[in-house]
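Quick note: the sequence shown, position 70, residue 82 per the working numbering, numbers continuous.
We put the CB at the ideal spot given by N, CA and C, even for glycine.
Just so it is clear, the structure is predicted and the values come from calculations on it, not from any experiment.
Working notes, beginning with the structure itself.
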Amino acid sequence: MKLKYFFEATELDDELICVPVGPGSEEAQGVLKLNASGYEIVKLLEEDTSVSAIVDALAAKYQTERAQLANYVEKFVGALRESGMIEE
13 MKLKYFFEAT ELDDELICVP VGPGSEEAQG VLKLNASGYE IVKLLEEDTS
63 VSAIVDALAA KYQTERAQLA NYVEKFVGAL RESGMIEE
């Protein structure tokens with residue numbers, strides 16, 4: 013799975029805002045307002061990857077229980093799927 017669109021990020025009032033840009037981005041429905049780990053997930057989804065690979069990458073960086081990370085990633089990716097931003 014990976015993102016359908018490329019996202020350009022900017023910081024606005026201490027929040028990361030990601031705007032879809034490039035081919036097909038006119039079909040995207042809105043922008044993403046992300047925290048730091050959400051942004052890391054979006055960056056990982058620029059390439060074809062899996063939930064377990066994303067969890068592995070975050071586990072290497074954060075001292076968080078793996079099950080908690082997996083739950084967070086599943087919810088985040090699920091929200092992106094519901095918004096039509098993921099291609100399988």
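State the beta-bridge partners of residue i as determined by DSSP.
i   : result
E99 : K14
Taking only three categories from DSSP, how would you classify residue i?
i   : result
Y74 : coil
Enumerate in chain order the residues of its own chain whose CB-to-CB distance from residue i is below 8 Å, with the five nearest sequence positions on each side excluded.
i   : result
E99 : M13, K14, L15, K16
G34 : Y17, F18
Should residue i be labelled buried (16 or more other beta-carbon atoms within 10 Å of its own) or exposed?
i   : result
L70 : buried
L81 : buried
L24 : exposed
For the ligand NAP, any of its heavy atoms closer than 7 Å to the Cβ of residue i?
i   : result
R93 : Of ligands this structure carries none, so the ligand NAP is not represented either.
Discussion item. What ranges does the alpha helix (DSSP H) occupy inside the region 15-61, keeping only unbroken runs of at least 4 residues that lie completely in it?
Written reply: 48-56
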